[in-house]
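The structure appears below as structure tokens.
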DNA sequence: GGGCATTTTCAGAACTTCCTGAAATATTTG
DNA sequence: CAAATATTTCAGGAAGTTCTGAAAATGCCC
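Protein chains in written order, with the numbering used here: chain A, 23 to 214; chain B, 23 to 214.
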């Protein structure tokens, strides 16, 4: 690796690699529900050794103060970025969660709470609209069949969601150190 | 459940429940990367007993022909909606995948292919920018530390992603009927 | 191959989301 | 508590996405 031999060159290459990492992570965040910039800020904090302050983030990503402030706040809300402080410095600094598995399970739990749970609640409500037990005595056969099909569909879906929730619970309960052995268990449990 | 006793009433309630289901599913699709309408079309096909044609979808969801066509095509691409035909009818009809677990694993595999794999490829490229082995002999300590930190971070992330990929592989290999027993295995394997 | 039914495409309109920058608010320090 | 510094908020504008509707393309039947 002669390429990275002079100090300036190393700095340059690392910075370039960081920039590309930030771009890739940002694009991915966009594909998921997170805004591109928020994901970029997260990437920057992940890849940087030192905690950064708002101005560092603004300068490095070329974004406005408002945007930086909002994005950092949102990341704090998600629980994957922490506040940090430097002695004799009044500014707030920020650093990303260092353990990748913890980061992952935190995001998963947060998304479940924000996106899955309200949907499941609505689905139960919708299921209740058409009754737990069917009294369609006066109805014609076509209407009855429709009703039964509808309920069967929703029940299947709800059973499935319930199963996936239990699966997700079991998975996110795993500790960072146990990940590898769990994969072995899973793969072994399914030898076709 | 006296509410649902006359034929007209049953039809009305089922239709209303369908509408609410479509709305909920559509909103959820929006929160994930899928467009709201595409998710609504999917919901409609899931909840309806009969296969539907483009005009049925347009009428029921009040969307344009173009939109309906695009959404149906995209759902076919994703592999969670199939073409169907009716004898003596030239129109194309569409129906959703009936097994929920199959639908789920199909979506998971598709997202992996479209969104995860390109990201992973980029990450490997980025990792290669800063070398497999470090030759920073001429560099000062600070630059060296930065480089090492950067590489360590990327390596950790890549190892993690690799682990999750294996996990996802093992999970999506499970057949519909085996889901329940897998959950038991997972939960049992983790009694704190 | 002409006529008819159906599907696809796509330019621009409508809508949504995101970002900026400056003003308002909060916090620390002398 | 006033000045200095740091942070948050938000109206308006920029950027991005989704949808429409009509025109083009495709496929089918006699």
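By construction, the Cβ of each residue, glycine as well, lies at the ideal position given by its N, Cα and C atoms.
In this structure, what does DSSP give as the bridge partners for residue i?
i: residue 116/B; result: 74/B and 105/B
Starting from residue i and walking both ways along the alpha helix (DSSP H), at which residues does that stretch end?
i: residue 100/A; result: 87-100
i: residue 143/B; result: 139-151
i: residue 123/A; result: 122-133
i: residue 58/B; result: 58-69
i: residue 165/B; result: 163-194
i: residue 210/B; result: 201-210
CA-CA distance, residue i and residue j?
i: residue 56/A; j: residue 114/A; result: 23 Å
i: residue 179/B; j: residue 73/A; result: 19 Å
i: residue 137/B; j: residue 145/B; result: 13 Å
i: residue 127/B; j: residue 131/A; result: 20 Å
i: residue 97/A; j: residue 52/A; result: 15 Å
i: residue 32/B; j: residue 43/B; result: 16 Å
i: residue 41/A; j: residue 149/A; result: 49 Å
i: residue 86/B; j: residue 80/B; result: 6 Å
i: residue 91/A; j: residue 67/A; result: 14 Å
i: residue 133/B; j: residue 147/B; result: 21 Å
i: residue 111/A; j: residue 95/A; result: 20 Å
i: residue 196/A; j: residue 88/B; result: 47 Å
i: residue 122/B; j: residue 153/B; result: 45 Å
i: residue 120/A; j: residue 105/A; result: 13 Å
i: residue 170/B; j: residue 210/A; result: 36 Å
i: residue 108/B; j: residue 165/A; result: 22 Å
i: residue 135/B; j: residue 139/A; result: 27 Å
Assuming contact is defined by CB atoms lying nearer than 8 Å, are residue i and residue j in contact in what I supplied?
i: residue 47/A; j: residue 65/A; result: yes
i: residue 125/B; j: residue 93/B; result: no
i: residue 39/A; j: residue 151/B; result: yes
i: residue 50/B; j: residue 142/A; result: no
i: residue 83/A; j: residue 103/A; result: no
i: residue 207/B; j: residue 207/A; result: yes
i: residue 129/A; j: residue 100/A; result: yes
i: residue 35/A; j: residue 168/B; result: no
i: residue 185/A; j: residue 205/B; result: yes
(Q) Would the region 175-189 of chain A count as touching the region 200-208 of chain A if we require 3 or more Cβ pairs under 8 Å? (A) no
Q. Taking three-plus beta-carbon pairs below 8 Å as touching, is the region 166-178 of chain A in contact with the region 189-196 of chain B?
A. no
Q.
Three or more C-beta pairs under 8 Å: does that hold for the region 68-83 of chain B against the region 102-119 of chain B?
A. yes
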